[in-house]
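Chemist:
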Amino acid sequence: MLYSRSLPGTVLGALCLAYALGASLGWGSRQLAVFMGDFGLAAAALAAALSCLAYGCTVGGHARPAWLLFGLSSLMVSFGNGTWGWYELVERTQLPQDTLAEYAFLLFAPLAITGVLVLAQRPRSAADWLCLLLDGWLVAGSLFTLSWSLALGRIAAGEDGSPLRLALHLAYPVLDILLVSLVVGLRFGGRDGNRAAVHTAMIGLAVTVLCDALFTSPDLRSSYHSGELLDAGWFAGSLLLAWAPWSPRWRRPLREHPSAGGLPRRRVATTFSALTPYAAAAVCTAGILYNALGGRALDRVVASAACTVGLALILRQGVMLLDNLSLAQELAHKEAHFRSLVQGSSDVIMIAGANGVLSYVSPAALGVYGRDPEELVGGNLLDLVHPEDVDRVLAEVRRFLARGRLAAHRSPAAAEPSAARVECRICSGAGEWLHVESTVNRYRDGLILNSRDVTERVNLQAQLQHNAFHDPLTDLPNRALFTQRLRAALAARGQQGGAGAGVAVLFLDLDGFKAVNDSAGHQVGDELLVQAARRLQGAVRCGDTVARFGGDEFAALVCGPLGRLQVQELAERLRIALSEPYWIGGAELSVAASIGIAFGTPERGPAADPRAATDELMRNADLAMYRAKSEGKGRVVLYTPAMRADLERRTELEERLRVAVREGGFTLLHQPVVDLATGAVTGVEAQARWRSAQGLLLTPAEFLRSAEHGDAATRFTRWLIHEAVTAAALRRGLPAARTRSAPAPVPVSVRLSVQRLCSPGMYEAVVAALRDTGLPAGQLVVEVARMGPDTLADELGRRLAALRRLGVSTALAGYGAGNGSLGVLARLPFDSLKLDRTLVQDLGESALGRTLAGHALRLGRDLGLATAAEGVDLPRQVAVLQELGCRLGQGSAFAPPLDEARLRRALARRAYPLPRPLGSLSGRRAYLATDTRTGGRPEAGGGRVASHHSLSDLPEHRAVAGPGHGPHGETVIPPA
Numbered sequence: 003m004l005y006s007r008s009l010p011g012t013v014l015g016a017l018c019l020a021y022a023l024g025a026s027l028g029w030g031s032r033q034l035a036v037f038m039g040d041f042g043l044a045a046a047a048l049a050a051a052l053s054c055l056a057y058g059c060t061v062g063g064h065a066r067p068a069w070l071l072f073g074l075s076s077l078m079v080s081f082g083n084g085t086w087g088w089y090e091l092v093e094r095t096q097l098p099q100d101t102l103a104e105y106a107f108l109l110f111a112p113l114a115i116t117g118v119l120v121l122a123q124r125p126r127s128a129a130d131w132l133c134l135l136l137d138g139w140l141v142a143g144s145l146f147t148l149s150w151s152l153a154l155g156r157i158a159a160g161e162d163g164s165p166l167r168l169a170l171h172l173a174y175p176v177l178d179i180l181l182v183s184l185v186v187g188l189r190f191g192g193r194d195g196n197r198a199a200v201h202t203a204m205i206g207l208a209v210t211v212l213c214d215a216l217f218t219s220p221d222l223r224s225s226y227h228s229g230e231l232l233d234a235g236w237f238a239g240s241l242l243l244a245w246a247p248w249s250p251r252w253r254r255p256l257r258e259h260p261s262a263g264g265l266p267r268r269r270v271a272t273t274f275s276a277l278t279p280y281a282a283a284a285v286c287t288a289g290i291l292y293n294a295l296g297g298r299a300l301d302r303v304v305a306s307a308a309c310t311v312g313l314a315l316i317l318r319q320g321v322m323l324l325d326n327l328s329l330a331q332e333l334a335h336k337e338a339h340f341r342s343l344v345q346g347s348s349d350v351i352m353i354a355g356a357n358g359v360l361s362y363v364s365p366a367a368l369g370v371y372g373r374d375p376e377e378l379v380g381g382n383l384l385d386l387v388h389p390e391d392v393d394r395v396l397a398e399v400r401r402f403l404a405r406g407r408l409a410a411h412r413s414p415a416a417a418e419p420s421a422a423r424v425e426c427r428i429c430s431g432a433g434e435w436l437h438v439e440s441t442v443n444r445y446r447d448g449l450i451l452n453s454r455d456v457t458e459r460v461n462l463q464a465q466l467q468h469n470a471f472h473d474p475l476t477d478l479p480n481r482a483l484f485t486q487r488l489r490a491a492l493a494a495r496g497q498q499g500g501a502g503a504g505v506a507v508l509f510l511d512l513d514g515f516k517a518v519n520d521s522a523g524h525q526v527g528d529e530l531l532v533q534a535a536r537r538l539q540g541a542v543r544c545g546d547t548v549a550r551f552g553g554d555e556f557a558a559l560v561c562g563p564l565g566r567l568q569v570q571e572l573a574e575r576l577r578i579a580l581s582e583p584y585w586i587g588g589a590e591l592s593v594a595a596s597i598g599i600a601f602g603t604p605e606r607g608p609a610a611d612p613r614a615a616t617d618e619l620m621r622n623a624d625l626a627m628y629r630a631k632s633e634g635k636g637r638v639v640l641y642t643p644a645m646r647a648d649l650e651r652r653t654e655l656e657e658r659l660r661v662a663v664r665e666g667g668f669t670l671l672h673q674p675v676v677d678l679a680t681g682a683v684t685g686v687e688a689q690a691r692w693r694s695a696q697g698l699l700l701t702p703a704e705f706l707r708s709a710e711h712g713d714a715a716t717r718f719t720r721w722l723i724h725e726a727v728t729a730a731a732l733r734r735g736l737p738a739a740r741t742r743s744a745p746a747p748v749p750v751s752v753r754l755s756v757q758r759l760c761s762p763g764m765y766e767a768v769v770a771a772l773r774d775t776g777l778p779a780g781q782l783v784v785e786v787a788r789m790g791p792d793t794l795a796d797e798l799g800r801r802l803a804a805l806r807r808l809g810v811s812t813a814l815a816g817y818g819a820g821n822g823s824l825g826v827l828a829r830l831p832f833d834s835l836k837l838d839r840t841l842v843q844d845l846g847e848s849a850l851g852r853t854l855a856g857h858a859l860r861l862g863r864d865l866g867l868a869t870a871a872e873g874v875d876l877p878r879q880v881a882v883l884q885e886l887g888c889r890l891g892q893g894s895a896f897a898p899p900l901d902e903a904r905l906r907r908a909l910a911r912r913a914y915p916l917p918r919p920l921g922s923l924s925g926r927r928a929y930l931a932t933d934t935r936t937g938g939r940p941e942a943g944g945g946r947v948a949s950h951h952s953l954s955d956l957p958e959h960r961a962v963a964g965p966g967h968g969p970h971g972e973t974v975i976p977p978a
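Be aware that the sequence shown starts at 3, since it is given in the numbering used here, and climbs by one per residue.
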């Protein structure tokens, strides 16, 4: 790039040098000298004309007329030189007087002067106009005086011809003087445009005018012939003017003062422009001395010109004096302005030398640092900086200075590098270390620093960073910081190849915290969490990390040479510490802790990933903690790979259950419920079966156990309710069901777990199924599969009450197994009670089982409930249940679960045969015939029992099946 820019200038210089060398050697022949002196100059002037005209036609703006005028002036010179060469080379005669060539040469100066005036900067005020006129006359008058003394006077005295001839001879030097005056004025008053092109053009014009001035001398003019060395000057001037429009452009930035509101800064005179009036006066004096020392009489023209020059110099000095006074006042005003800005600034401004010694400190140091600025001046800047920050500050400053030197080396005209920002701690007057941010800039041979106190900002950033990685309640590390430290510990252990320190993660959950939070309030719960956090911190070692993940979940990271036994002992200490009573607000509160432990395994090789190992270790600890809660809470459980296998197995089963529900993988069977007194079918129970890939119907026992939670459980429960109600509605609408000989429609039972029945949306699912199918609510029985925890008793009561108000019957199935208190049973609105198969299976052989079943049935009758039994698979069990007074039975002794076609045939049969009774028939019939319930009815779908509960409504599922023997715990159901 630099080479391409300098190439035209090099070629131009070579051409000028070659022409000058040829002119000095006489070109080798007279004919060639005349040709180069005439047509060579004409060609150079023509090149300048074409270049300026072409540039003027392409460029826009105020400079366009100037370049067109320069092109026309060069065209006149080309025409004049061409005419001169025509006479000398073609006509072989001397140039006659009063030819077109002389007038063409004469037109060069006016056109060039007009172009210079177009490029000249327009003065802004009357004083500027006056200075421009005075400077112009000083230059023009001085040159005129000197020229008149040297040549013009003799030319004027020697011309005895016509006045036109005299005017023509004097016009050349006068116009040249005027052009030189304007060129000098433009150099110091020109516009800030393409300065390289303007300056090159002015140099070319100046060289041309200088050669014209030399040619004006009578002695040189009388001995001149074409091709002399004087022609080299004209040739160089034309080439400079030709190259000027295309010279490399550069613009100086607009100089603006910061306080000037965007206006250009006031121009300050340079040394050369300031000395120009005195130089002009010296030239005028030289012209007068030339006349005086040459013994010539003082010419009136010289005297008049010299007097006007002297008067102009005096006026110019007066104007300059006034301008200097104005500049001094403006400088004083700005100095006071900037002093007030510096002294009133809240930032501390300091100037330090190359050795670090402070030469100026602003008064703001007293308010910011609490130190007197006068005491700081003369001291070293590094003495104020914290010892730990000195090296960093020096490195930043050296890097900033190196950038400046590099930029200056690459481009001397480049701007200073951007300021550097340095943060360090500076000692205040009170002895405290303040965080200070400084902007560093170059200042002469030193530095200027603009510093401000950022201590509050630094402290705020540190607090925000602390809050981002710590729990706001307990101030323990949060999950993010715990994960970072665990990842770092695993990475360090991986670098050691798994040897040395071990890594263990403990997940802790407070058992019973929700009850404390609900009963005592959230404020007490928060205080309990704070005390628990303090106990955990006191129980672990110094290098261990205790974190709170949220709620009542905590975690501990144990690193070091500890074995599994030591970590288990530590976990036991943590459990005991958390289980001790808490005294808050004068009340004693107690919670327990379930803790899961997982140990990090050594990872070696490039495949070791601390991030993945961290996630896996935390998941393992979480699994162990939930296993501890499921095994009874308040204990410590160590993670084993079997837990992960169980989780994956449950996840797979849940996905298979979801797919089975979505793709119709389940089917519905019904098992008849028989009246033990008459053998009539009084109801059916809907039971789901899973259709395997081989077409077998399997009891989905394990599927149902895995479907206790999540979206799959909700989908399965809604599917079971909808299918059971839809099938019952279809049976009710059969034509045979409306005939007099056909049996009356029987209710359908759907068994749900307590958790499913209490889940959100289950009541709405029952209502929607009844509404969509049109089945009367009295034809649906919702069985609760065993009693759940006592904590769900109130919610279960509200759901059962809502269903009974809807018209749906309720029953307790699986009675005699599971948990649940008798008091809760007495308060719940059930219509019937069904014995669990575990009480029925030993009735024929065990007296104890018969006694337990008899007491359970008697309890149901005393509570006004219809009694039933499930799992009645043997005739002997039927007989015993008849003897004990059980009204309904369900099992293989009558019929297994049936598909829809077999169920309709069973309902058409109306009754099943009953086995012969074992004991006294009269006693058994007394139980079956007598019903002591108030308003009850013998079948499960009969009348209601008066309820004494006032439970609000709201109403979901867990189907229970027997033990399985399939690949997933399923039991194959043989064909009926």
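Glycine residues also receive a C-beta, built at the ideal position from the N, C-alpha and C atoms.
Applying the criterion that 16 or more other CB atoms from any shown protein chain within 10 Å of the CB defines a buried residue, is residue 722 buried or exposed?
Modeler: Its Cβ being crowded by 16 or more others within 10 Å, residue 722 is buried.
Chemist: Compare the beta carbon distance of residue 779 and residue 754 with 7 Å and say whether it is the shorter of the two.
Modeler: No, they are not a contact pair.
Chemist: In its own chain, which residues sit with a C-beta less than 6 Å from the C-beta of residue 57, not counting the 5 before and 5 after it?
Modeler: For residue 57, where only same-chain residues beyond five positions count, the Cβ hits under 6 Å are 69, 247.
Chemist: Per the DSSP calculation, residue 437 is bridged to which residue(s)?
Modeler: Residue 437 is bridged to 427.
Chemist: Secondary structure at residue 521, three-state DSSP: helix, strand or coil?
Modeler: Helix, per DSSP.
Chemist: Is residue 105 buried or exposed, if buried means 16 or more other CB atoms sit within 10 Å of its CB?
Modeler: Looking at its Cβ environment, which holds fewer than 16 other Cβ atoms inside 10 Å, residue 105 is exposed.
Chemist: When burial is assigned at 16 or more other CB atoms within 10 Å of the CB, is residue 245 buried or exposed?
Modeler: Buried.
Chemist: Mind checking whether residue 688 and residue 668 have CB atoms under 7 Å apart?
Modeler: No, the Cβ-Cβ distance between residue 688 and residue 668 is not below 7 Å.
Chemist: Here's a check: name, in chain order, each residue in its chain whose Cβ is nearer than 8 Å to the Cβ of residue 428, leaving out the five neighbours to either side.
Modeler: Excluding sequence neighbours, residue 428 sits near 371, 386, 387, 388, 435, 436, 438, 453.
Chemist: Excluding the 5 residues flanking residue 862 on each side, which residues of the same chain have their C-beta closer than 7 Å to its C-beta?
Modeler: Closer than 7 Å at the Cβ level, and outside the excluded window around residue 862, lie 835, 869.
Chemist: State buried or exposed for residue 941, treating a residue as buried only when at least 16 other CB atoms are found within 10 Å of its CB.
Modeler: Its pLDDT being 39, under 50, residue 941 is placed unreliably in this model, and the value from its coordinates should be taken loosely. By the 10 Å Cβ count, residue 941 comes out buried.
Chemist: What does the alpha-carbon distance come out to for the pair residue 95 and residue 20?
Modeler: Near 28 Å, if we compare the C-alpha coordinates of residue 20 and residue 95.
Chemist: Cα-Cα, which of 589, 640, 47, 612 is closest to residue 600?
Modeler: Closest option to residue 600, Cα to Cα, is 640.
Chemist: Would you kindly work out how many angstroms separate the C-alpha atoms of residue 14 and residue 76, rounded to a whole number?
Modeler: If you take the alpha carbons of residue 14 and residue 76, they lie about 17 Å apart.
Chemist: Going by the beta-carbon positions, is the gap between residue 905 and residue 856 smaller than 7 Å?
Modeler: Against a cut-off of 7 Å, the Cβ pair of residue 856 and residue 905 comes out as no contact.
Chemist: What three-state label does DSSP hand residue 1 in the structure shown?
Modeler: Since the first residue of the chain shown is 3 and the last is 978, residue 1 is not available in this structure.
Chemist: Using three-state DSSP, classify residue 455 as helix, strand or coil.
Modeler: Strand, per DSSP.
Chemist: Thinking just about the alpha-carbon of each residue, which of 504, 39, 450 is nearest to the one in residue 86?
Modeler: Nearest of 504, 39, 450 to residue 86, Cα basis: 39.
Chemist: On a CA-only basis, which of 409, 661, 806, 551 is nearest residue 693? Give me that one, please.
Modeler: Looking at the Cα atoms, 661 is the closest of the given residues.
Chemist: Between residue 72 and residue 54, what straight-line distance do the alpha-carbon atoms span, to the nearest angstrom?
Modeler: Each residue's alpha carbon lies about 6 Å from the other.
Chemist: Taking the alpha helix (DSSP H) that residue 764 falls in, what are its first and last residues?
Modeler: Element bounds for residue 764: 764–775.
Chemist: How many angstroms separate the CA atom of residue 556 from the CA atom of residue 536?
Modeler: Rounded to the nearest angstrom, the two C-alpha atoms are 12 Å apart.
Chemist: Cα-Cα, which of 474, 545, 347 is closest to residue 455?
Modeler: Ranking the options by Cα distance to residue 455, first place goes to 347.
Chemist: Determine the DSSP secondary structure at residue 880, reduced to helix, strand or coil.
Modeler: Residue 880 falls in the helix class under three-state DSSP.
Chemist: Considering only residues of the same chain and omitting the five flanking positions on each side of residue 840, which have a CB-CB separation below 7 Å?
Modeler: Within the same chain, residue 840 has close Cβ partners 818, 819.
Chemist: DSSP state of residue 326, grouped into three classes?
Modeler: Reduced to three states, the DSSP call for residue 326 is helix.
Chemist: State the DSSP-derived secondary structure class of residue 22, mapped to helix, strand or coil.
Modeler: In the structure shown, residue 22 sits in a helix (DSSP, three-state: H, G or I).
Chemist: For residue 638, write down the residues that DSSP places opposite it in a beta bridge.
Modeler: 597, per the DSSP bridge assignment.
Chemist: Could you please give the first and the last residue of the uninterrupted beta strand (DSSP E) stretch that includes residue 513?
Modeler: From DSSP, the beta strand (DSSP E) with residue 513 extends over 504–513.
Chemist: Please check the pair residue 876 and residue 846, which I expect to be a contact at CB under 8 Å, by giving their CB distance rounded to whole angstroms.
Modeler: Yes, they are in contact, since the Cβ atoms of residue 876 and residue 846 sit about 6 Å apart, within 8 Å.
Chemist: Report buried or exposed for residue 872, applying the criterion of at least 16 other Cβ atoms within 10 angstroms of its Cβ.
Modeler: Counting Cβ neighbours within 10 Å, residue 872 comes out buried, since at least 16 surround it.
Chemist: Return yes when the Cβ of residue 771 is within less than 7 Å of the Cβ of residue 727, no when it is not.
Modeler: Contact: yes.
Chemist: Can you confirm whether the region 504–519 touches the region 558–567 when touching is taken to mean that 3 or more C-beta pairs between the two stretches lie within less than 8 Å?
Modeler: Flag = yes, the region 558–567 and the region 504–519 touch.
Chemist: Which two residues bound the contiguous alpha helix (DSSP H) that contains residue 561?
Modeler: From DSSP, residue 561 is part of no alpha helix (DSSP H) but of the beta strand (DSSP E) over 555–562.
Chemist: Looking only at its own chain, which residues have a Cβ that is under 8 Å from the Cβ of residue 824, when we skip the five neighbours before and after it?
Modeler: Once the five neighbours on either side are set aside, the close Cβ partners of residue 824 are 861.
Chemist: With 16 as the cutoff for other CB atoms within 10 Å, does residue 597 come out buried or exposed?
Modeler: With 16 or more Cβ atoms within 10 Å of its Cβ, residue 597 is classed as buried.
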